[in-house]
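A.B. asks: Quick note on numbering: UniProt numbering labels position 216 of the sequence shown as 216, and the sequence is numbered without any gaps.
One structure, as structure tokens, below. Some questions next.
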Amino acid sequence: MTDFHSVTKAVVPAAGLGTRFLPATKATPKEMLPIVDKPAIQYVVEEAVSAGLLDVLMVTGKNKRSIEDHFDRAIELEDVLEAKGDDERLSKVREPADLATLHYVRQGEPRGLGHAVLCAKQHVGDHPFACLLGDDLIDQRDELLKRMIEVRQTHGGSVIALMEVPQEQVSLYGCAAIEPTSDDDVVRVTDLVEKPPADEAPSNWAIIGRYVLDPAVFEVLENTGPGRGGEIQLTDALRTLAGRGEDEGGPVHGVLFRGRRYDTGDKLEYLRTVVKFAADRPDLGPDFLPWLKEFLASR
Ligand code: G1P
Numbered sequence: 001m002t003d004f005h006s007v008t009k010a011v012v013p014a015a016g017l018g019t020r021f022l023p024a025t026k027a028t029p030k031e032m033l034p035i036v037d038k039p040a041i042q043y044v045v046e047e048a049v050s051a052g053l054l055d056v057l058m059v060t061g062k063n064k065r066s067i068e069d070h071f072d073r074a075i076e077l078e079d080v081l082e083a084k085g086d087d088e089r090l091s092k093v094r095e096p097a098d099l100a101t102l103h104y105v106r107q108g109e110p111r112g113l114g115h116a117v118l119c120a121k122q123h124v125g126d127h128p129f130a131c132l133l134g135d136d137l138i139d140q141r142d143e144l145l146k147r148m149i150e151v152r153q154t155h156g157g158s159v160i161a162l163m164e165v166p167q168e169q170v171s172l173y174g175c176a177a178i179e180p181t182s183d184d185d186v187v188r189v190t191d192l193v194e195k196p197p198a199d200e201a202p203s204n205w206a207i208i209g210r211y212v213l214d215p216a217v218f219e220v221l222e223n224t225g226p227g228r229g230g231e232i233q234l235t236d237a238l239r240t241l242a243g244r245g246e247d248e249g250g251p252v253h254g255v256l257f258r259g260r261r262y263d264t265g266d267k268l269e270y271l272r273t274v275v276k277f278a279a280d281r282p283d284l285g286p287d288f289l290p291w292l293k294e295f296l297a298s299r
């Protein structure tokens, strides 16, 4: 019998236009921009897999075909590397295709994150599922998603990830009003606002791009009108679910995340992320860091 309570599927919205990175993103999806030598989206799929989610649905759009190619076999390239006996590169080329079972659905028109999630309805069906936003990378040493799945198993409903941000940054995020629970890192979410002005924010706990969603979110999204920016907002649907009891798809809990998050959707943060990842790499860090120190000393 199917276990309707277990989370096995991940949804990765990847339909955004990537306007902040033009002209690099004119013909290349922003999700394919490399963090050192791996596209950002591969880190996200790896994170889903390490939380036990082997069925990944990408919600893509126009100009996103290279994402499908990346997670597919590349037989010609593999043949060349195999003939050369270059096993190391061969395994790097094969890795993305072997990670998980990837599925794709296209979001015909860019109508917002909530609408992108709604595109997953048919694939997901009547099960809770995880949703991972490609702009946010969570350090693999900090196990956020597993904890969120545990919280869903204990409390039911939906679970969001919250991170404390400085007051002047709350307007960049969805923001939550929260109440404590008996667990230090878990809160009950009582209200949510998408990108509020700093002086209207219910707290400085910001939603970061990881969600475990009850399938009731689909019905709510179908009845959620355009919100901030004229787009259908996932935050608005979660606000509705936060006011509901467990028999109607509620409530919403938050996991307070105090680990390392990298925002690759912003140019400056993207640069910081690449530098941090390079510094941590055993094959690059030992050469890169002394150079970086010298470079900074010379400025
Ligand atoms: C989206 C969500 C927002 C959340 C953010 C996290 O916004 O709508 O609630 O705080 O992701 O990265 P976006 O950054 O896509 O505008």
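Idealized CB from N, CA, C, for every residue including glycine.
As the structure is a prediction and not an experimental result, all values here were calculated from the model.
1) Using only the alpha-carbon positions, how far apart do Y104 and V220 sit?
2) How would you call Q233, buried or exposed, if buried means at least 16 neighbouring beta carbons within 10 angstroms?
3) Unbroken alpha helix (DSSP H) runs of length 4 or more, entirely within the region 223-299: which are they?
4) Where in the region 15-53 do unbroken runs of the alpha helix (DSSP H), each at least 4 residues long, occur, reported from the N-terminal end onward?
5) State yes or no: is the C-beta of T224 nearer than 6 Å to some heavy atom of the ligand G1P?
6) Considering only residues of the same chain and omitting the five flanking positions on each side of G227, which have a CB-CB separation below 7 Å?
7) Have a look at the DSSP bridge pairing and note the partners of F129.
8) Under 6 Å from any heavy atom of the ligand G1P, does the C-beta of I178 make it?
9) Classify T154 as helix, strand or coil using the three-state DSSP reduction.
10) So L145 and R210 are supposed to be a Cβ contact under 8 Å. How far apart are they, rounded?
11) How about L241 and G254: do their beta carbons lie closer than 7 Å?
12) Thinking C-alpha only, which one of L54, V212, T264 and M32 is nearest I149?
13) With C-beta atoms as the reference, is D183 less than 7 Å away from P128?
14) Note down, in chain order, each residue of its chain lying with its Cβ closer than 8 Å to the Cβ of E294, except the 5 sequence neighbours on either side.
15) Are at least three pairs of beta-carbons, each pair with one atom in the region 168-179 and one in the region 277-297, less than 8 Å apart?
16) Just verifying my parser: in three-state terms, what is the DSSP assignment at D136?
17) Go to G174, then tell me how far its beta strand (DSSP E) extends in each direction, as first and last residue.
18) For the beta strand (DSSP E) containing R188, name the first residue and the last one.
19) Buried or exposed: which applies to Q42, given that a residue is buried once 16 or more other Cβ atoms fall within 10 Å of its Cβ?
20) How is P166 classed by DSSP in three states: helix, strand or coil?
21) Which residue from E78, L53 and A14 puts its Cα closest to that of N63?
22) Would the beta-carbon of H123 fall within 7 Å of that of L57?
23) In or out: D135 buried (at least 16 other Cβ within 10 Å) or exposed?
24) In terms of residues, what are the limits of the alpha helix (DSSP H) holding A83?
25) How big is the Cα-Cα spacing for R106 and V159?
26) Check for me: the alpha helix (DSSP H) holding A116 runs from which residue to which?
C.D. replies: Well, looking at it:
1) 23 Å
2) buried
3) Fully enclosed alpha helix (DSSP H) runs of no fewer than 4 residues occupy 234-242, 267-280 and 285-297 of the region 223-299, in order along the chain.
4) 40-50
5) No; taking the cut-off as 6 Å, the Cβ of T224 has no heavy atom of the ligand G1P nearer than that.
6) So the qualifying residues of the chain are E194, Q233 and D236.
7) F129 is bridged to L213.
8) no
9) helix
10) 6 Å
11) no
12) V212
13) no
14) Closer than 8 Å at the Cβ level, and outside the excluded window around E294, lies no residue.
15) no
16) strand
17) G174 to P180
18) The continuous beta strand (DSSP E) containing R188 extends over residues V186 to E194.
19) buried
20) coil
21) A14
22) yes
23) buried
24) First-last of the alpha helix (DSSP H) with A83: I75 to K84.
25) The alpha-carbon atoms of R106 and V159 are separated by roughly 25 Å.
26) L113 to L118
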